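Protein chains in written order, with the working numbering: chain A, 336 to 493; chain B, 336 to 493.
Built from N, CA and C at the ideal position, the CB exists for glycine as well.
Remember, it's a predicted structure, so these values are computed and weren't measured experimentally.
The structure appears below as structure tokens.
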DNA sequence: TAATACCCGACTAAATTACTTGGTTTTATA
DNA sequence: TATAAAACCAAGTAATTTAGTCGGGTATTA
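Listed below in structure tokens is the structure:
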């Protein structure tokens, strides 16, 4: 388990999807505009998220992405795993090339530690993140802007 | 809070110090040999660990590093913080340049999340790591090697 | 006085990250 | 049926980070 900015991008994008994807699919262009992540980079992330069965896609105009499952069933650890494609962590993969046996010692420990972090992040769902108070207030701000959002989007495209 | 290989190196090295540093200070050359981390890289890490008041140094022959505190008082989060020098995480540091207010939304969330991870790692001490069963068995292996360790070290130097 | 080992800064190769470019399909809709 | 919106795809690239090297120091002690 690594914890990089790429993972943050992915969680951010999935959270955007969780907030805005109630009825219709959400286009990457929308997420790109809101979260200021480059479109092509999002495409690469979502290719991985799709392979990880976390989102489904709808092609053609009006298309976009949907969460593959309900928000309480998608967990932060899954998102990070999907985009980070597991590092094997140890250079002594399996057995054999550990020089003393001591090398493996801390390797196992670190592995154990990252498993604990993984377990921790496996308990936090998108639903929980969305339900936090600070999100709620920000979302109400956003829906206040809702009426003029389309206009703004068009204006921003030019 | 990031979770990179550099953090792993630091935790590994500190754990090595916790295991081998009971009586005399431990030289970086020893840690380098046992954990297979380059000496100069270790020097850079320990410079940061020293600045972070996690270790103290003893110069001259027979010198090395000691833990600055007892093992139950040194926590994994501190080690990672010391070597990773906090990323400011958000590009909208403070207020102002967030375009919609929505940008900050997920930024705050991610920050919140990494604080939770930080809190989690703040509860795991070096003592706890050392006391785990898999470490214990590995340590007994190591002390079985203890009688010939000096010979081996000299042989390895050549 | 010489060996040990910390200390320090600059430089470098390799890897990773974030992004760009330039396409191709698919599909709603005008 | 033409068009445009969108997902999809692959290759390349600039910037950053990581891990390591190199070449000097300086303090301590056998």
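Notebook entry, point to check: Is there contact here, the stretch 369 to 381 of chain A with the stretch 444 to 453 of chain B, by at least three beta-carbon pairs under 8 Å?
Noted result: no
Check: So is residue 455 of chain B in contact with chain A if we call contact Cβ pairs under 7 Å?
Finding: yes
Notebook entry, point to check: Which value, in whole angstroms, describes the spacing of the CA atoms of residue 400 of chain B and residue 353 of chain B?
Noted result: 10 Å
Next item on the list: Look up residue 338 of chain A in the DSSP assignment and give the residues it is bridged to.
Entry: B:338
Checklist line | Selected residue, minimal CA-CA separation from residue 418 of chain A, among A:385, A:406, A:403 and A:409 | finding: A:385
Check: By how many angstroms is the C-alpha of residue 411 of chain B removed from the C-alpha of residue 349 of chain A?
Finding: 29 Å
Next item on the list: Report the residue from B:339, B:338, B:343 and B:336 whose alpha carbon sits nearest the alpha carbon of residue 442 of chain A.
Entry: B:343
Next item on the list: Under 8 Å by Cβ, that's how I've got residue 390 of chain B and residue 402 of chain B pegged, so tell me the actual separation to the nearest angstrom.
Entry: 6 Å
Notebook entry, point to check: For the candidate residues A:383, A:420, A:414 and A:362, whose alpha-carbon lies nearest to that of residue 395 of chain A?
Noted result: A:362
Checklist line | Cβ of residue 373 of chain B within 7 Å of any chain A Cβ | finding: no
Next item on the list: Have a look at the DSSP bridge pairing and note the partners of residue 399 of chain A.
Entry: A:393
Next item on the list: Output yes or no for whether 7 Å exceeds the beta carbon distance between residue 464 of chain B and residue 409 of chain B.
Entry: no
Checklist line | C-beta atoms of residue 338 of chain B and residue 337 of chain A nearer than 7 Å | finding: yes
Note to self: Just checking: is the beta-carbon of residue 383 of chain B within a distance shorter than 7 Å of some beta-carbon in chain A?
What the structure shows: no
Notebook entry, point to check: Helix, strand or coil: which one does DSSP assign to residue 457 of chain B?
Noted result: coil
Check: When you compare only the Cα positions, how much space is there between residue 358 of chain B and residue 398 of chain B?
Finding: 12 Å
Note to self: Between the alpha carbons of residue 405 of chain B and residue 455 of chain A, how many angstroms are there, rounded?
What the structure shows: 27 Å
Next item on the list: Using a Cβ-Cβ cut-off of less than 9 Å, give me the residues of the stretch 403 to 414 of chain B that come near chain A, in sequence order.
Entry: 411
Check: In terms of residues, what are the limits of the alpha helix (DSSP H) holding residue 361 of chain B?
Finding: Per DSSP, residue 361 of chain B belongs to no alpha helix (DSSP H) and is neither H nor E.
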